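Number 510 marks the last residue of the sequence shown (the numbering used here); no jumps.
Ideal placement from N, C-alpha and C gives every residue a C-beta, glycine not left out.
Bear in mind the structure is a predicted one, so any value in this text is a computation, not a measurement.
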Amino acid sequence: MLLPLLFQFYSCATAQKVIEAKPEPQKEFVYYEDTELNQLRSELDDIFNNPSFSNAYWGVVIQSLETGEYFYRLNEHKSFIPASNMKLFTTAVALLKLGPDFKYRTNLYTDGEIKDGILYGNLFVRGTGDPTISGRFTNGDVIKTFKDWADSLIKLGIKEINGDIIGDDNYFDDQYMGTGWSWDDETYWYSAHISALSFNDNCVDLEIIPGKKIGEPALVKITPETKYVKINNFVTTVHPDSVTQIDFFRAPGTNVINVFGKISLRSKTYKESISVHNPTLYTVTVLKEVLESKGIKVNGNAVDIDDSQLNPDYETMKVLASYESPPLSEIIKVINKRSQNFYAEQVFRTLGKIFGGEGSTQKSVEVIKNTLSQIGIPPDAISIYDGSGLSRLNLVTPFQILTLLNYMYRHEYFSYFYESLPIAGVDGTLETRMRKTKAQGNVRAKTGYVQYARSLSGYVKTKDDEMLAFVMMTNNYLVPTSVANITQDIVCNRLANFSRRK
């Protein structure tokens, strides 16, 4: 009887070494008999034995980070598809290895000379994995960095470039999608291509606006305005009472985006970000367009270095302009709060390049597994295929995630890790969840979802201000994902209300 009551209640309320962790002083609690904790465990048994999940299985572990006591354990040593809970490992290891102040730098080089306002030579853009060249940190101006570069060239007296604009992405290997990713997701922003040279999350941003009357084509706006992609618009404006239904398709290997469906006459602007093919060429194409818009004549072409015979020696070349990213502490907020796969993969490959000598999946996995082994997670006990969790080949146990959460809690970088997590009822992927409950503003946790897999792992403080770490994972469920969400939310609210005191 407990579980239906709980559901009813909720619906109504609605570059460094790993540093040794420092133990936190334990708080004093007044302990009574195990009555309160036993009651909690009984309630959790009812929740996770819900017949709706009879064909699925849950993995759960909840631990006091102040006493070490386990509040609840269920299948905690079984392997689960973690989905975006994989980002917890990526961001934690990045903090431990790179430090919160790590920044990317992207430089513009030339192999030529400037004479009489003309650059006689090529302009090289050398990527080092930075995911942030976009409007995310520039008040929405996606080409701000390119305009700044153009201004830098103008200050150097450059009015014309007699050469190509060449994008160099060789800092990473050429595997642009993760192993085990679904090919039919490639069109969408969450499967954007991985590239050492990237721009605007390797996407174009589309806005679909209804026509002025029924039957008219919708208006499709693209940001940035570029000729790099072609838009085929098959969206029609329909009756105001009709439901808006829009979908997108970009055939692999092309930059032709088909937009089709219908949009209600009174619909708000429909927004979606669509991935591009060959982000390197995309980057230098838009850069060339921006340079020309700023009055710099470019006599050459936008070129992917892989399509040239060039092997530049950057040590002997002149830097004309550069861009420095925000610190890693800000980047991991995008990864965890937004659950941004592209950012996660860029950081993942960066770890492989800096600490493994190669910007590849294999080296990145080795670096992460070696780091995790230092905190008690054996390398052969965890399956890692990407940094974002989009791959269905990833397998982790709830206890492994708990081990990570526990370790980070006692580490000097905990505040950066903690602040990167979504806050229940406030922001990120938890913005609309647990509102008007004790969990709101309290729970900090990472969501995870791929089809038939849902995860939520993080931290919550009890009514006694006791910090708990929790992991909840479910695989193979056939009920709507919203039911899994509600189950997780009920548990979080119960933990937030838990008290050892009578």
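Where residue i sits in the DSSP three-state scheme
| i | result |
| --- | --- |
| E77 | coil |
| R49 | helix |
| A461 | strand |
| F110 | coil |
| M442 | coil |
| N208 | helix |
| T7 | The requested residue 7 does not occur in the structure, where the chain is confined to residues 9 to 510. |
| F242 | strand |
| R134 | strand |
| R258 | strand |
| D177 | coil |
| D124 | coil |
| M475 | strand |
| F356 | helix |
| F61 | helix |
| D193 | helix |
| A447 | coil |
| I343 | helix |
| L273 | coil |
| D314 | helix |
Residues near residue i in its chain [Cβ-Cβ closer than 6 Å; skip 5 each side]
| i | result |
| --- | --- |
| D213 | T231, S281 |
| L289 | D312 |
| E36 | Per-residue confidence for E36 stands at a pLDDT of 48, beneath the threshold of 50, marking its modelled position as unreliable; the derived number appears in the next sentence. For E36, where only same-chain residues beyond five positions count, there are no Cβ hits under 6 Å. |
| E168 | I126, K305 |
| F79 | I70 |
| F257 | T195, N266 |
| K238 | V264 |
Alpha-carbon to alpha-carbon, residue j and residue i
| i | j | result |
| --- | --- | --- |
| R144 | I271 | 27 Å |
| E121 | F132 | 13 Å |
| E439 | G308 | 47 Å |
| S62 | N483 | 11 Å |
| G397 | V468 | 23 Å |
| K123 | K326 | 15 Å |
| V292 | G364 | 28 Å |
| I431 | S199 | 25 Å |
| D177 | T136 | 7 Å |
| Y179 | L359 | 12 Å |
| P335 | D249 | 47 Å |
| V243 | L48 | 52 Å |
| Y415 | L380 | 10 Å |
| A102 | F425 | 10 Å |
| G433 | V491 | 17 Å |
| P59 | E51 | 15 Å |
| I55 | I494 | 11 Å |
| V487 | K86 | 22 Å |
| N588 | I343 | Given that the chain is displayed from residue 9 to residue 510, the structure contains no residue 588 and the question cannot be resolved. |
| K302 | Q354 | 30 Å |
| S465 | Y65 | 16 Å |
| G175 | V284 | 15 Å |
| E420 | D497 | 29 Å |
| D388 | E366 | 21 Å |
Sequence-distant residues of the same chain with beta carbon closer than 7 Å to residue i, five excluded per side
| i | result |
| --- | --- |
| I222 | T245, V246, H247, L273 |
| K446 | N501, A504, N505 |
| Y322 | Y117, R134 |
| V150 | S142, G143, N208, T231, P232 |
| S275 | P218, T252 |
Nonlocal neighbours in the same chain, by C-beta distance under 8 Å from residue i, ignoring five residues either side
| i | result |
| --- | --- |
| Y393 | G186, T187, G188, T369, V373, S399, L401, N402 |
| K235 | T293, E297 |
| I254 | I216, V243, V267, F268, G269, K270, I271, Y278, E280 |
| N170 | G120, I126, L127, Y128, G129, N307, G308 |
| Q183 | I202, S368, T369 |
Strand pairing of residue i, partner residues [DSSP]
| i | result |
| --- | --- |
| G67 | M481 |
| M94 | Its beta-bridge partners do not exist; DSSP assigns none. |
| P225 | T244 |
| F506 | Answer is none; F506 lacks a bridge partner. |
| Y519 | The structure shown does not extend to residue 519, since the chain spans only 9 to 510, so no value can be given for it. |
| G456 | S463 |
| S381 | Paired residues: none, contrary to the question. |
Exercise for the section: Specify whether the stretch 86–103 and the stretch 409–421 touch according to this definition: at least 3 beta carbon pairs, one from each stretch, less than 8 Å apart. Expected result: Touching, yes.
Exercise for the section: Say whether the stretch 155–163 touches the stretch 326–335, bearing in mind that this needs 3 or more beta-carbon pairs closer than 8 Å, one atom from each stretch. Expected result: Under the 8 Å Cβ criterion, the stretch 155–163 counts as touching the stretch 326–335, having at least three qualifying pairs.
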